[in-house]
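Each residue of the sequence shown is one higher than the one before, counting from 454 in the numbering used here. No residue lacks a Cβ here, since even glycine has one placed at the ideal position from N, Cα and C. Notes for the one structure printed next.
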Amino acid sequence: MDGNGRWAEERGLPRLEGHRVGADSVRDITRACRQRGIKALTLYAFSSQNWARPADEVRGLMDLLEDYLHKERSEILDNQIRLNAIGDLHLLPSRVTDPLSALRADSAHHQEMVLTLALSYGGRESLVRAARRIAEAARTGQLAPDAIDEAALTAALPTHDLPPVDLLIRTSGEQRISNFLLWELAYAELMFVDTPWPEFRRAHLQACLDGFGQRERRFGQTSAQLRSDVGGAQ
Numbered sequence: 454m455d456g457n458g459r460w461a462e463e464r465g466l467p468r469l470e471g472h473r474v475g476a477d478s479v480r481d482i483t484r485a486c487r488q489r490g491i492k493a494l495t496l497y498a499f500s501s502q503n504w505a506r507p508a509d510e511v512r513g514l515m516d517l518l519e520d521y522l523h524k525e526r527s528e529i530l531d532n533q534i535r536l537n538a539i540g541d542l543h544l545l546p547s548r549v550t551d552p553l554s555a556l557r558a559d560s561a562h563h564q565e566m567v568l569t570l571a572l573s574y575g576g577r578e579s580l581v582r583a584a585r586r587i588a589e590a591a592r593t594g595q596l597a598p599d600a601i602d603e604a605a606l607t608a609a610l611p612t613h614d615l616p617p618v619d620l621l622i623r624t625s626g627e628q629r630i631s632n633f634l635l636w637e638l639a640y641a642e643l644m645f646v647d648t649p650w651p652e653f654r655r656a657h658l659q660a661c662l663d664g665f666g667q668r669e670r671r672f673g674q675t676s677a678q679l680r681s682d683v684g685g686a687q
């Protein structure tokens, strides 16, 4: 969800104002995804590297996150959304982790949609933790080294219970992944849009979904193979 700070600066506003308006986009996009039947939405809200930002901006972001968790609690529960979170959550202040933990617990049985917040999250950091878990399992004899495969690594990641990523959307014109879901994005379609996150609403989302629907996802196969598979299925 990129471009909040720059959007504000271009308008002569404090950077935090961009994050505030960006929270409105979060609400609109989450509702739009649920209404369109999208079963899993992951929002990169705060990266491991974002801790290096100015202290007042970090504090303001934590304020907005705390406010979001309180204000959206009813909508999440009323619409059968399961709230999930990944990242180094222990680094977040208790005023964030307390309502986050409570809402995760209270929505754990919901099945309409999974909304995952990536908080204090980094893809490399996530892979390092997964490697440590696998190494410990091998050390204690719970996992044989020759049994370490893609499935074993996937199972050690915090996203293990989420479906494979189909589409990554990055806003504001930046064309990089920025340490997000590095393992999970292996076969995802990537879409970079110029619109900054504070302006990104459901019409922009629909344009991205329409574009995604026109892409040919081959997963290593050829176009001819895919056409043959479709024909055989008929």
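Item: Would you check if the distance between the CB atom of Ser-478 and the CB atom of Arg-654 is smaller than 9 Å?; Value: yes
Item: With DSSP collapsed to three states, give me the class of Ile-491.; Value: coil
Item: Which residues in the same chain have their Cβ closer than 6 Å to the Cβ of Asp-647, if we skip the five residues on either side of it in sequence?; Value: Gly-626
Item: Please report how far the alpha carbon of Gln-687 lies from the alpha carbon of Ile-622, in whole angstroms.; Value: A caution first: Gln-687 carries a pLDDT of 47, below 50, which makes its placement in the model unreliable, though a value can still be read off. Their Cα atoms are separated by approximately 33 Å.
Item: May I ask whether a heavy atom of the ligand MG can be found less than 8 Å away from the beta carbon of Arg-535?; Value: As presented, the structure is devoid of all ligands, the ligand MG included, so that no description of it is given.
Item: For Thr-569, report the span of its beta strand (DSSP E) as first-last.; Value: 566 to 574
Item: Counting pairs of beta carbons, one from the region 630 to 638 and one from the region 654 to 665, are three or more of them closer than 8 Å?; Value: no
Item: Below 8 Å, how does it come out for the region 570 to 586 and the region 602 to 612: are there three or more Cβ pairs, yes or no?; Value: yes
Item: Just the C-alpha distance for Leu-620 and Val-567, rounded to the nearest angstrom, thanks.; Value: 15 Å
Item: Which class does Asn-537 belong to by DSSP, given the choice of helix, strand or coil?; Value: strand
Item: Taking the CB atoms as reference points, tell me whether Leu-514 and Phe-499 lie closer together than 9 Å.; Value: yes
Item: Taking contact to mean 3 or more Cβ pairs, one atom from each stretch, closer than 8 Å, check whether the region 472 to 492 and the region 665 to 677 are in contact.; Value: no
Item: Looking at the structure shown, is Met-454 part of a helix, part of a strand, or coil, going by DSSP?; Value: coil
Item: Measuring straight from C-alpha to C-alpha, what distance separates His-563 and Gln-628?; Value: 34 Å
Item: Whole angstroms is fine: what's the gap from Pro-649's alpha carbon to Ala-605's?; Value: 37 Å
Item: Can you tell me whether Tyr-640 is buried or exposed, with buried defined as 16 or more other CB within 10 angstroms of its CB?; Value: exposed
Item: Per DSSP, what kind of secondary structure is Arg-680 in: helix, strand or coil?; Value: helix
Item: My guess is that Tyr-444 and Ser-631 are in contact by the Cβ rule of under 8 Å, so how many angstroms apart are they, rounded?; Value: Residue 444 lies beyond the stretch modelled for the chain, which goes from 454 to 687, so this question has no answer here.
Item: Do we get a CB-CB distance below 9 Å when we pair Asp-663 with the residues of chain D?; Value: As a matter of chain content, chain D is missing from the structure shown, which is built from one protein chain.
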